[in-house]
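Heads up, the sequence shown is in my numbering, so the first residue is 2 and it goes up one at a time.
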Amino acid sequence: MQWLDQYQLFLFDFDGLLVNTEELHFQAYQHMCQARGFKLPWTFAHYCSIAHYSAKGLREKIYAEFPQLYQSEPNWDILYSEKKYWIEKLLREGAVKLMPGVASLLQGLHERSLTACVVTHSPLEQIYLIREQHPLLNTIAHWITRNDYSQPKPHPECYLKAINLYSSKGQAMIGFEDTPRGLQALRQTQALPVWVSQIPYPEIQSWQEQGMLHVHSLADISKALVGKST
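Spelled out as structure tokens, the structure:
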């Protein structure tokens with residue numbers, strides 16, 4: 002964990018990076034479809050390839066997958082409310098887990114009293130519930146949520162706000178994301194961007210050539226940063 006001492010600000014996405022809620026959102030869509038008599042045949046990787054690029058992509062692809070679902074319920078808002086029921090049920094039942102490498106990383110940051118900030122579009126009520134279930138997340142002092150900014154990712158507003166609030170001129174900073182839209186936002190700041198994902202997104206190679214780091218999980222970050230200077 003000596004690499005931690007190279008940076009003064011650590012920026013984190015939340016869903017899918019620190020906790021496994023991206024997988025739970027996928028399960029919630031599966032449950033929503035199943036309750037209406039349809040089995041969603043996608044893999045998690047396929048789900049991510051849709052959900053992480055377009056806010057409307059899931060609606061379009063699910064209706065395309067199940068034309069009969071559109072015939073029976075063309076109002077996506079109703080389906081989305083059913084999906085929301087399932088994700089909230091999964092959260093209440095304690096299905097959330099920390100992602101690999103998160104516990105040791107947060108412990109290392111806490112022991113060194115380093116500044117960390119979560120930058121997320123998740124609603125506060127879900128964040129509070131997850132933090133109650135995983136108190137280690139409370140070692141992160143700063144949280145910027147959807148109520149704190151107007152332009153969602155890939156716009157960099159949320160990350161720029163975190164940097165403005167919690168860093169000083171000349172400080173080195175590093176940020177971690179798991180989605181293409183999140184990386185687009187992070188890459189528009191002075192933080193070293195790190196893409197944490199096992200999904201083979203097409204942008205990874207070209208963005209690596211432009212200075213981005215890529216690891217499969219936060220458990221791999223120490224090895225990736227060996228010899229990396231700020």
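Just so you know, even glycine gets a beta-carbon here, dropped at the ideal spot from N, CA and C.
Predicted model, so just to flag it, every value in this text is computed and none were measured.
Closest option to residue 200, judged by alpha-carbon separation, among 17, 114 and 5: 17.
Of the other Cβ atoms in all chains shown, fewer than 16 fall within 10 Å of the Cβ of residue 224; this residue is therefore exposed.
Close CB contacts of residue 51 within its chain, under the 7 angstroms cut and outside five residues either way in sequence, are with 58, 59 and 62 (chain order).
Cβ atoms of residue 80 and residue 29 stay farther apart than 8 angstroms, at about 11 angstroms. Sixteen is the threshold: since fewer than 16 other Cβ atoms of the shown chains lie within 10 Å of the Cβ of residue 166, the residue is exposed.
DSSP lists 16 and 99 as the beta-bridge partner residues of residue 20.
Beta bridge pairing from DSSP links residue 118 with 12 and 143.
Looking at the DSSP output, residue 59 sits in no beta bridge, so it has no partner there. Residue 210 sits exposed, since fewer than 16 C-beta atoms from the chains shown fall within 10 Å of its C-beta.
Sequence-distant Cβ neighbours of residue 132 in its own chain, meaning closer than 7 angstroms and more than five residues away, are 138 and 139.
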